[in-house]
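> With the sequence shown counted from 1, adding 75 to any position gets you my numbering. First the structure, which I've put down as structure tokens, then a few questions once you've had a look.
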Amino acid sequence: MSRFVRRMAASVYLLLVVLSGAPSARPSQDSVEYVGPVFLEATHDCLDVEIEDCADELKSFANFEVRLRAAERIQVGGAIRIGQAEWLSKDEEPFRNGLRYGWPKLQTDLQQPNSISADRAGTFSFEQGGFTFKLDQEVPAGELTEFRFREFLVPPFPIDYGWGVWIKPSKGPIDFRIAGRFELKVTGTRLDSFELIAPSLVKPGQPFEVTIAAIEGRHGYESSRLLNRVFVGDVELSVGSHRYPVTFDAEDQGLRTVSVVLENLGVQRLVARRGETVGVSNRVVALPDARLDGRKILWGALQNHSAIGGHAASTTVKAFTYARDVARWDFISMTEHENLRGHFDIEQQRTLADAFNQPGRFVTLPAFEVQGEPESHRHVVFPNGAEMVTSYSGSYQFSDVGTVYRDLAERECLIIPHHTAWLRPNEGYPVDHYWAGVEKAPGNAFLRLFEVYSWHGFSDVCPPELSIQGSPEKNRRCGHGSYYQELLARGWRLGAIAGTDGHLGLPGSSVGVRISGSVRYALRGLTGVLAASNTREEVFRALAERRTWGTTGARIVLISSLHQKDHPVAWMGSEVQRADTTPKLKIRALGTAPIVRVLLYSGEEIVREWNPGKAIVTLEHEIPENSKRSSYNVKLFQADGERAWSSPIWIDRK
76 MSRFVRRMAA SVYLLLVVLS GAPSARPSQD SVEYVGPVFL EATHDCLDVE
126 IEDCADELKS FANFEVRLRA AERIQVGGAI RIGQAEWLSK DEEPFRNGLR
176 YGWPKLQTDL QQPNSISADR AGTFSFEQGG FTFKLDQEVP AGELTEFRFR
226 EFLVPPFPID YGWGVWIKPS KGPIDFRIAG RFELKVTGTR LDSFELIAPS
276 LVKPGQPFEV TIAAIEGRHG YESSRLLNRV FVGDVELSVG SHRYPVTFDA
326 EDQGLRTVSV VLENLGVQRL VARRGETVGV SNRVVALPDA RLDGRKILWG
376 ALQNHSAIGG HAASTTVKAF TYARDVARWD FISMTEHENL RGHFDIEQQR
426 TLADAFNQPG RFVTLPAFEV QGEPESHRHV VFPNGAEMVT SYSGSYQFSD
476 VGTVYRDLAE RECLIIPHHT AWLRPNEGYP VDHYWAGVEK APGNAFLRLF
526 EVYSWHGFSD VCPPELSIQG SPEKNRRCGH GSYYQELLAR GWRLGAIAGT
576 DGHLGLPGSS VGVRISGSVR YALRGLTGVL AASNTREEVF RALAERRTWG
626 TTGARIVLIS SLHQKDHPVA WMGSEVQRAD TTPKLKIRAL GTAPIVRVLL
676 YSGEEIVREW NPGKAIVTLE HEIPENSKRS SYNVKLFQAD GERAWSSPIW
726 IDRK
């Protein structure tokens with residue numbers, strides 16, 4: 076055993092809870108009963124270095140047992156199957172063969188025959204996301220069968236797994252029947268810092284909520300960070316001159332939400348401290364009415380996945396809960412792959428989105444992802460569930476993009492290009508491939524936004540600063556309309572957003588892991604919007620009006636506005652008829668770290684650059700009177716590697 080493996084195995088924190096005689100979820104069909112352990116907690120030892128230095132050793136190892144009691148006789152030739160599964164419908168049926176479209180290395184690697192053993196005679200066979208144990212001896216009703224997992228590989232990021240148990244009572248083609256489930260919980264166990272999330276705009280003297288998370292791991296652009304769900308103890312929260320004592324109990328699971336107040340106008344950051352362990356919030360601006368030109372700053376993302384989409388982890392319910400309670404997002408869309416038949420259920424997606432929608436607190440915009448080939452992927456976002464369900468006409472998997480546009484042209488929705496820089500297999504380099512079908516649509520009112528960043532990499536400029544999945548050979552060539560600034564230069568009027576495309580069921584998490592040799596960067600791309608209120612109607616309107624900016628995950632506020640004679644006349648996303656006076660572009664940014672570089676683009680050309688070196692900046696640029704340029708947008712760089720992009724302002728001559 077290598078020293079690295081021994082070190083990580085020694086770091087495993089194991090909690091066994093035995094449920095003797097626990098009732099099964101479906102007693103009329105259950106064939107075996109799971110009796111323990113309920114879950115384990117595991118950590119790894121690769122958090123204090125860059126991911127590239129961890130290479131393929133970014134792993135966690137754990138030891139645990141699964142004990143099953145037969146509720147009926149299992150004959151010789153019968154089998155027990157254990158694998159990853161999520162209960163996705165009301166009758167709690169999981170996928171028939173575990174997570175059929177799962178990514179084993181993204182979840183757990185069960186194909187390790189030497190790490191799994193049983194206390195009975197039989198033969199193991201390993202499938203994607205699970206294994207089957209064919210019995211060479213009979214198991215009488217009421218007897219236990221134990222499976223032992225030793226130095227078992229589990230993923231190095233925080234996630235709860237629903238593992239399913241299936242049974243085939245006798246030899247032959249009898250189908251497996253669902254038996255039950257148990258939980259595997261992977262978490263951090265060391266306290267390295269606190270993460271604080273607070274609203275960007277608040278009103279002095281009015282209470283607001285700040286979330287404090289106990290974190291294992293460093294904060295960085297490519298680092299792994301785990302929620303330490305076993306942390307207990309006292310923490311001091313500083314808000315200006317006020318001190319709030321905060322106590323974490325075991326039931327908090329490493330996460331506390333505290334109500335606080337800012338007394339004075341201005342910009343502040345909140346600090347949580349326990350000894351030398353410190354965490355600092357995003358910057359909070361206290362304004363008289365907690366609004367900016369009558370609008371709130373809201374945070375969320377429109378590209379997220381769970382197991383309902385067929386090839387991701389967790390469930391929509393868990394994903395909504397994580398985004399709302401842990402990441403503290405204001406809005407979200409779960410864009411499951413609609414083409415994966417047998418997994419995608421549009422009525423279920425509508426029902427869940429409606430159930431979690433809380434106006435004023437947490438907005439869920441129903442959506443799905445269209446995987447049209449060879450034109451690549453788009454996510455389609457709707458203002459409400461009824462509009463989504465009535466718009467849906469079936470799978471678009473083999474349709475060209477023009478078909479999608481024609482079907483949805485008369486609907487109220489947003490069609491948003493996703494990872495456009497990614498050269499998909501067998502696509503070649505067709506000219507303007509991503510936009511070939513647009514002219515077939517009656518209009519393009521739904522083409523309002525463009526995703527400049529997700530975990531796949533950047534799609535803003537060519538060549539991108541971050542290659543797709545860390546591999547330059549996966550990038551499309553320049554000049555074919557696959558990058559944001561190329562499209563703006565051609566006259567497209569698209570606002571900027573960023574998303575996660577997270578497949579862990581943890582929207583807003585800041586986990587970066589190495590998968591199959593390529594680096595998955597922080598799975599927490601984020602979109603900021605200026606909206607009148609946090610309701611479906613107003614968030615959708617703000618998105619459609621392109622009052623948006625995108626970041627790599629940090630809550631960087633980046634807002635541009637156009638001023639004439641020192642009066643604001645338009646916000647980002649606007650189209651302005653130019654007057655005779657010389658307009659001035661104003662850029663305001665609140666960073667979460669020092670801002671080291673700000674680029675002002677017009678089309679593909681950089682027309683201005685600043686190097687402020689501080690976290691709060693206000694910049695101005697006069698638009699030349701003879702300028703024929705029509706779009707101005709901003710890209711911002713922080714010292715910690717985080718990035719942000721603003722939507723453009725378009726200026727047209729009268």
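A virtual CB, placed ideally from N, CA and C, is assigned to each residue, including glycine.
Less than 7 Å between CB atoms is the rule here; does I634 satisfy it with respect to chain B?
Included in the structure is just one protein chain, with no chain B present.
> Identify whether D429 lies in helix, strand or coil by the three-state DSSP scheme.
The answer is helix: DSSP assigns D429 an H, G or I state.
> Which of the three DSSP states is assigned to L480 in this structure?
Contrary to the premise, residue 480 reads as Tyr rather than Leu in this sequence. Reduced to three states, the DSSP call for Y480 is helix.
> So, at 6 Å on beta carbons, what are the nonlocal neighbours of S313 in its own chain, with the 5 sequence-adjacent residues on each side left out?
V346
> CB-CB under 6 Å to E270, same chain, minus the five flanking residues each way: which ones, in chain order?
Taken in chain order, the residues that qualify are A288, I290 and G354.
> Taking the beta carbon of A619 as the centre, do at least 16 other beta carbons fall within 10 Å, making it buried, or is it exposed?
Per the 10 Å Cβ criterion, buried.
> Whose C-beta lies closer than 6 Å to the C-beta of S468 among residues of the same chain, with five residues either side of it excluded?
D482
> Taking D368 as the reference, give the member of A690, T495 and L276 with the closest Cα.
L276
> Just reading off the beta strand (DSSP E) that E311 is part of, what are its end residues?
G308 to V314
> State whether the stretch 688-708 contacts the stretch 652-668, with contact taken as three or more CB pairs (one from each stretch) at a distance under 8 Å.
As far as the Cβ criterion goes, the stretch 688-708 touches the stretch 652-668, which means the pair count is three or higher.
> Buried or exposed, going by whether 16 or more other CB atoms sit within 10 Å of the CB of V214?
buried
> What number of angstroms, rounded off, separates the C-alpha of V392 from the C-alpha of A365?
Distance between the alpha carbons of V392 and A365 is about 31 Å.
> For Q104, name the three-state secondary structure that DSSP assigns.
Bear in mind that the predicted position of Q104 carries a pLDDT of just 34, short of 50, making it unreliable; the figure below should be weighed with that in mind. Coil at Q104, not helix or strand.
> Alpha carbon to alpha carbon, what distance is there between S192 and G247?
24 Å
> In angstroms, rounded to a whole number, what distance separates the CA positions of I670 and R630?
So the two alpha carbons sit approximately 13 Å from each other.
> Measure the C-alpha to C-alpha separation of A668 and R195 and round it to an integer number of angstroms.
58 Å
> Beta-carbon separation of S730 and T623 under 7 Å?
Any question about residue 730 goes unanswered here, given that the chain covers just 76 to 729.
> Which residue comes first and which comes last in the alpha helix (DSSP H) that contains Q560?
Y559 to A564
> According to DSSP, what are the bridge partners of A394?
Paired residue(s): none; A394 is not in a bridge.
> For the beta strand (DSSP E) containing L618, name the first residue and the last one.
Per DSSP, L618 belongs to no beta strand (DSSP E); it is in the alpha helix (DSSP H), R611 to A619.
> Determine, using beta carbons only, whether E343 and G375 come nearer to each other than 7 Å.
The identity of residue 343 in the sequence shown is Gln, whereas the question assumes Glu. Not in contact: Q343 and G375 (Cβ atoms no closer than 7 Å).
> Go through its chain and collect everything with a Cβ distance to G329's Cβ below 6 Å, but skip five positions before and after it.
A289, L302, N303, R304 and F306
> Going by beta carbon distance, what residues of the same chain come within less than 7 Å of R171, once the five residues before and after it are set aside?
Note that R171 scores 35 on pLDDT, short of 50, meaning its location in the model is unreliable and no value can be drawn from it.
> Can you tell me where the alpha helix (DSSP H) holding A462 begins and where it ends?
This sequence places Glu at residue 462; Ala is not what is there. That run of the alpha helix (DSSP H) goes G460 to S466.
> Give the C-beta separation of W720 and D429 to the nearest angstrom, bearing in mind that I take them to be a contact with Cβ-Cβ under 8 Å.
Wrong, their Cβ atoms sit about 31 Å apart, outside the cutoff.
> By DSSP, does P547 sit in helix, in strand, or in coil?
helix
> What are the start and end residues of the beta strand (DSSP E) that includes D727?
Taken as a continuous stretch (DSSP letters only), the beta strand (DSSP E) holding D727 covers I724 to R728.
> Label D576 either buried or exposed according to how many other C-beta atoms from any shown protein chain fall within 10 Å of its C-beta, with 16 as the threshold for buried.
buried
> Confirm, please, whether the CB-CB distance from I407 to P539 is below 7 Å.
no
> P102 to L562, Cα distance in whole Å?
Its pLDDT being 25, under 50, P102 is placed unreliably by the model, and the measurement read from it follows with that caveat. Rounded to whole angstroms, P102 to L562 spans 58 Å at the Cα level.
> For A606, which of helix, strand or coil comes out of DSSP?
Note: A606 maps to strand in three-state DSSP.
> So, helix, strand or coil for A325, using DSSP?
In the three-state reduction of the DSSP assignment, A325 falls in the helix class.
> Please state whether DSSP places Q639 in a helix, a strand or coil.
strand
> Indicate the three-state DSSP secondary structure (helix, strand or coil) for Q446 in the structure shown.
strand
> CA-CA distance, T390 and G688?
42 Å
> By a C-beta neighbour count over all protein chains shown, 10 Å radius and 16 as the cutoff for buried, is G556 buried or exposed?
buried
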